[in-house]
Ligand code: AMP
């Protein structure tokens, strides 16, 4: 039997309901802050991610689904949403609009990662971007909005980690300092860390190895090396979060998977989740638009994983699907009348379902009860319809034309 590809999943009706709730809450919470919906294509020019996300990142090096479109162009299933939104911002001249341009999206993303609980090869993200403002208020606003969204969806046991990466220049200087420090302690480091000192020294902070951890405790910290402007920006973000009553942990070792971040970075985790504890994260990316050949444009944003949010949430209430009218057949002869009645009922705004499985009348009534039908219309052979009120347990014969008005009248009178 053919199965869904490894690392992918089907969204069955019950979980579709829960996901609709995430979307509705995102719409409500982000809409209230002036964020408007945008959707970009599921695939883009490979170069967008190579340049935007960064050539040396795991995403670009190992995790992209890249293919030739047959015409010699290299395309990639989008692994993230920020670079595409910035591409759209430039392509549609959105810098001529009042700034910042506030956008949000929800859709599927693709990364060729090793699948495990909470980590898939096709997953959904809801994301928000504010492009065109360098104000610390933008960063704080975005962080509060994500906190509110996680809260509204019922994500439990969340923690917020917060840091600042400063500017690329600060980072280059800091990287050299950190590399020198790591080289001077090479024999105390885990082999894997030692091999990556020059490639990715920041990763040493994430190591689970005890010897490496001991070395890293005394390692120079980026937060202590921030340029005064960046330090001031960061202090302001923190003060705003304090005012908003949002608790966070300062974590100078916070590293994110994309190269484009500058200044503020943050991540929400949930202790409800196992190894893949990240629910959502983001930060400021003041250099990205320029990397994509646009003018210098400060910007900030985040993305959160829909599946992880639901995994970390309480059982979400899902309203049982309600059926106003179930149309049953007393015998085969009324089938055309029944079909027409179903069409008319739906056009009149009722949720109507038609017997389609050839059940006996008794079976049809049982089925109508099971699906929670409020009324059942039993279509007889001679144009007479028996309308049964399933709540009251009463029924009466009526003309076909009366069925829909009778239900509408009854539903209107409380
Ligand atoms: P990132 O774009 O890497 O910052 O990820 C943002 C959020 O997307 C993470 O916190 C996760 O909730 C979610 N996410 C990232 N990668 C995956 C994946 N492979 N499977 C499921 N969710 C993911």
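Numbering (the working numbering), first residue to last: -3 to 410. The beta carbon of each residue, even a glycine, is placed where N, CA and C say it ideally should be.
inquiry  = With H, G and I counted as helix, E and B as strand and the rest as coil, what does DSSP make of residue 441?
reply    = No answer is possible for residue 441: the residues shown for the chain start at -3 and end at 410.
ask   = Is any heavy atom in the ligand AMP found nearer than 7 Å to the beta carbon of residue 119?
value = Correct: residue 119 has its Cβ closer than 7 Å to the ligand AMP.
inquiry  = Taking only three categories from DSSP, how would you classify residue 104?
reply    = Residue 104 sits in a strand when the DSSP states are folded into three classes.
Which listed residue (208, 169, 198) has its alpha carbon closest to that of residue 181 = Closest by alpha carbon: 208.
key: DSSP three-state assignment for residue 39, whether helix, strand or coil   = Strand at residue 39.
message = Checking 8 Å against the spacing of the C-beta atoms, do residue 74 and residue 119 come in under that value?
response = Not a contact, by the Cβ cut-off of 8 Å.
message = Within a Cβ cutoff of 6 Å, which residues of the same chain sit near residue 333, ignoring the five residues on either side of it in sequence?
response = Closer than 6 Å at the Cβ level, and outside the excluded window around residue 333, lie 375.
query = Are residue 81 and residue 25 close, meaning C-beta to C-beta below 8 Å?
reply = No.
ask   = Cα-Cα, which of 167, 171, 186 is closest to residue 197?
value = Out of 167, 171, 186, 171 has the C-alpha closest to the C-alpha of residue 197.
message = Under DSSP, the alpha helix (DSSP H) around residue 85 begins and ends at which residues?
response = Segment 78 to 87, the alpha helix (DSSP H) holding residue 85.
ask   = Which of the three DSSP states, helix, strand or coil, is assigned to residue 323?
value = In the structure shown, residue 323 sits in a strand (DSSP, three-state: E or B).
query = Where does residue 127 land, buried or exposed, given buried means 16+ other C-beta within 10 angstroms?
reply = Classification of residue 127: buried, given that the 10 Å Cβ count is 16 or more.
Endpoints, the beta strand (DSSP E) within which residue 335 is located = Note, residue 335: premise wrong, no beta strand (DSSP E); alpha helix (DSSP H) at 331 to 343.
task = Could you tell me the boundaries of the beta strand (DSSP E) in which residue 71 lies?
result = Element bounds for residue 71: 70 to 73.
ask   = Where does residue 11 fall in DSSP's three states?
value = Note: residue 11 maps to helix in three-state DSSP.
Residues near residue 30 in its chain [Cβ-Cβ closer than 7 Å; skip 5 each side] = Taking C-beta separations shorter than 7 Å and ignoring five residues to either side along the sequence, the partners of residue 30 in its chain run 98, following chain order.
key: Residue environment, residue 238, which counts as buried when at least 16 other CB atoms sit within 10 Å   = So residue 238 ends up on the exposed side.
ask   = Is the number of C-beta pairs between the segment 57 to 67 and the segment 264 to 271 that are closer than 8 Å three or more?
value = A contact is defined here as three or more CB-CB pairs under 8 Å, and the segment 57 to 67 fails this definition with respect to the segment 264 to 271.
message = Could you compute how far the alpha carbon of residue 137 sits from the alpha carbon of residue 106?
response = Looking at the two C-alpha atoms, the distance is approximately 28 Å.
message = Tell me the residue span of the beta strand (DSSP E) that contains residue 127.
response = Per DSSP, residue 127 belongs to the beta strand (DSSP E) from 118 to 127.
task = Would you kindly check if the distance between the Cβ of residue 279 and the Cβ of residue 299 is under 8 Å?
result = Not a contact, by the Cβ cut-off of 8 Å.
query = residue 21 by DSSP, collapsed to three states: which one?
reply = Correct three-state label for residue 21: helix.
request  = Determine the direct distance from the alpha carbon of residue 148 to that of residue 140, and round the result to whole angstroms.
outcome  = When rounded, the distance between both Cα atoms is 12 Å.
query = Based on the DSSP secondary-structure assignment, which residues constitute the bridge partners of residue 263?
reply = Answer by DSSP bridge pairing, in chain order: 157, 277.
query = By Cβ distance below 7 Å, which residues in the same chain neighbour residue 305 in space, the five residues on each side in sequence not counted?
reply = Excluding positions up to five away in sequence, the list reads 18, 146, 149, 151, 275.
ask   = So does residue 116 have its beta carbon nearer than 7 Å to some heavy atom of the ligand AMP?
value = Correct: residue 116 has its Cβ closer than 7 Å to the ligand AMP.
task = Specify the secondary structure class of residue 302 as computed by DSSP and reduced to three states.
result = Note: residue 302 maps to helix in three-state DSSP.
task = Determine the closest residue to residue 78 out of 46, 211, 406, 218, with distance taken between C-alpha atoms.
result = The closest CA to that of residue 78, considering only 46, 211, 406, 218, is found on 46.
request  = Let me know the beta strand (DSSP E) ranges lying completely inside the segment 190 to 265, each 3 residues or longer, listed in chain order.
outcome  = Those beta strand (DSSP E) runs which fall completely within the segment 190 to 265 and span 3+ residues do not exist here.
key: DSSP-derived helix/strand/coil call for residue 394   = Strand at residue 394.
task = Can you tell me which of the three DSSP states residue 431 falls into?
result = Here the chain comprises residues numbered -3 to 410, so residue 431 is not present and cannot be evaluated.
ask   = Do residue 338 and residue 350 come within 8 Å of each other at the CB atom, strictly closer than that value?
value = In terms of Cβ geometry, residue 350 and residue 338 form a close pair [threshold 8 Å].
ask   = What residue does the beta strand (DSSP E) around residue 374 start on, and which one ends it?
value = Residues 369 to 375.
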